[in-house]
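Sequence order for the protein chains is A and B.
If you want the working numbering, it's the position in the first sequence, counting the first as 1, plus 1391.
If you want the working numbering, it's the position in the second sequence, counting the first as 1, plus 210.
We put the beta carbon where it would ideally sit given N, CA and C, even for glycine.
A quick note: this is a predicted structure, and the numbers were derived from the prediction, not measured.
The block underneath contains the structure these notes are about, expressed in structure tokens.
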Amino acid sequence: MYVIVAGGGKVGANVARSLLRLGNEVTLIEQRRDSFERLEEEFEHQVQRGDATELFVLERAGITRPPDIMLALTGDDEDNMVICQLAKEKYGVPKVIARVNDPRNQSHFDLLGISPTICATSSIMALVEHEVPEHELIHLLELRKENLEIVEVQIDKSSPVAGKRVEGLKLPEGARLISVMRDGRSEIAVGSTTLEAGDQVLAILEPGKEDELRRVLLKR
Amino acid sequence: MKALIIGCGRVGSTIALQLLMEEWEVTVVDENEDALSRLGENWPGAFLVGHGMDADLLRAAGIEEADAVVVATDGDNTNIVISQVAQKRFGIECVVARILDPARADFYAARGLRTVCPTKTAIDVLGEAVRACAVPQVPA
């Protein structure tokens, strides 16, 4: 396939190198002269110098063919958003992937319909939640398009819902329990399911309802 | 009428002062605190230090009540994104963005953004000026 990679920093250059090694056709775009000159020694004609948010730079890199996928991997979120909008909406590139540098900008990428995105900070934070046991509410999956997320909660002895039936819980609006895992076996949570200390409960909820859910299930 | 000006450089600050003279209620946002000095010694409007990409800052600056938003930071792509956020997230109808690159200004104008491209204006005006003064004189 043909791939255009915007941004020749550590991320972009390594991605371009990997794609080339897999036998793909790649054009890497880098704006800064010193970085470009270093990249040129390795990538030769497969790297071009320029601002990948400029139409003529994209066109010189072959965006009108169009490429199978455009990767916006610069260190600037605004640039990555504009690159993806131009690629998709002006040039009809079928797929884009954008790097999010500042996780606070994620909502802007979502607003502009740029997906999928990848954010190192968010990925690391998700791993921290998985790895550090005292986080009581673990984010398992974010369904960004649906505006929902799936979390896991560990019910313990002090939890006010231990011994209670699911149908009797005052769950926040926009949150539902999916399943209960007990002694290594999982079952779908229905109204008559009784929660016990030690249960691992999966819940689906709208982002931002985590604290309410935590209060209901764990009282803290 | 309430206006929010994002980017307090030469352009943003002058528009802020003009709208203020026309009795608008003006709030200005800039990353750099020193930019306040561009608004004169006794700026009566609000001035917030922060990045226009920060939705919380925009809310604090009263974007939800703004009748007009002017986006004039020194970055084209920053202006493109902020103005789309103002338009799509906050539902502001009158959003005006300065975009120096004519190609991007055209593309986003076609997508419903009110873009102003000083480069294009300069090209037009300079072209006209040069044509006007270089008209070959018809020999007598």
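Which of the three DSSP states is assigned to V1396 of chain A in this structure?
Taking the first residue of the first sequence as position 1, residue 1396 of chain A is located at position 5. The answer is strand: DSSP assigns V1396 of chain A an E or B state.
Interface residues of chain B facing E1445 of chain A [CB-CB closer than 9 Å]
Taking the first sequence and counting its residues from 1, the one referred to as residue 1445 of chain A is at position 54. D311, A313 and R314, listed in chain order.
Which term fits V1487 of chain A, buried or exposed, when burial requires 16 or more other beta carbons within 10 angstroms of its beta carbon?
Working through the first sequence from its first residue, we reach residue 1487 of chain A at position 96. Label assigned to V1487 of chain A: buried.
Report yes or no: is there a C-beta of chain B within less than 7 Å of the C-beta of V1448 of chain A?
For this step, residue 1448 of chain A is matched to residue 57 along the first sequence. Answer no: the Cβ-Cβ gap between V1448 of chain A and chain B never drops below 7 Å.
By the criterion of Cβ-Cβ separation under 9 Å, what are the contact partners of I302 of chain B in chain A?
The residue you call residue 302 of chain B lines up with position 92 of the second sequence. In chain order: nothing, as chain A lies at least about 14 Å away.
Which of the three DSSP states, helix, strand or coil, is assigned to H1463 of chain A?
In the first sequence, residue 1463 of chain A corresponds to position 72, counting from 1. Residue 1463 of chain A is actually Ala in this sequence, not His. In the structure shown, A1463 of chain A sits in a strand (DSSP, three-state: E or B).
Taking Cβ positions, are A1452 of chain A and T1418 of chain A nearer each other than 7 Å?
Counting from one through the first sequence, the residue named residue 1452 of chain A turns up at place 61. Counting from one through the first sequence, the residue named residue 1418 of chain A turns up at place 27. Yes; because the gap between Cβ atoms is below 7 Å, this pair is in contact.
What first and last residue would you give for the beta strand (DSSP E) that runs through F257 of chain B?
Here the question's residue 257 of chain B lines up with position 47 in the second sequence. First-last of the beta strand (DSSP E) with F257 of chain B: A256 to V259.
Beta carbons nearer than 7 Å to chain A: which residues of the region 212-242 of chain B have them?
none
If we ignore side chains and look at the alpha-carbon of each, how far apart do V1448 of chain A and I292 of chain B end up?
The residue given as residue 1448 of chain A occupies position 57 in the first sequence. The residue given as residue 292 of chain B occupies position 82 in the second sequence. If I take the Cα positions, the gap works out to 23 Å.
If you follow the beta strand (DSSP E) that D240 of chain B is part of, which residue opens it and which one closes it?
Translated into the one-based positions of the second sequence, residue 240 of chain B becomes position 30. Here the beta strand (DSSP E) through D240 of chain B covers E235 to D240.
Does DSSP classify T1585 of chain A as helix, strand or coil?
For the purposes of this step, residue 1585 of chain A is taken as the residue at position 194 of the first sequence. Note: T1585 of chain A maps to strand in three-state DSSP.
Would E275 of chain B and V259 of chain B qualify as a contact pair, given that the criterion is a beta-carbon distance under 7 Å?
Numbered from 1 along the second sequence, position 65 holds the residue referred to as residue 275 of chain B. Numbered from 1 along the second sequence, position 49 holds the residue referred to as residue 259 of chain B. No, these two residues do not count as a Cβ contact at 7 Å.
Selected residue, minimal CA-CA separation from H1436 of chain A, among A:T1455, A:L1446 and A:E1416
Position 45 of the first sequence, counted from the start, is the residue given in the question as residue 1436 of chain A. The shortest Cα separation from H1436 of chain A among A:T1455, A:L1446 and A:E1416 belongs to A:E1416.
Identity of the residue in A:R1556, A:A1594, A:D1493 and A:L1503 nearest L1539 of chain A by Cα:
By one-based count along the first sequence, residue 1539 of chain A stands at place 148. Comparing Cα-Cα distances from L1539 of chain A to each of A:R1556, A:A1594, A:D1493 and A:L1503, the minimum goes to A:A1594.
Look at the alpha carbon of I1460 of chain A and the alpha carbon of G1414 of chain A, and state the distance between them as a whole number of angstroms.
Taking the first residue of the first sequence as position 1, residue 1460 of chain A is located at position 69. Taking the first residue of the first sequence as position 1, residue 1414 of chain A is located at position 23. Distance between the alpha carbons of I1460 of chain A and G1414 of chain A: 15 Å.
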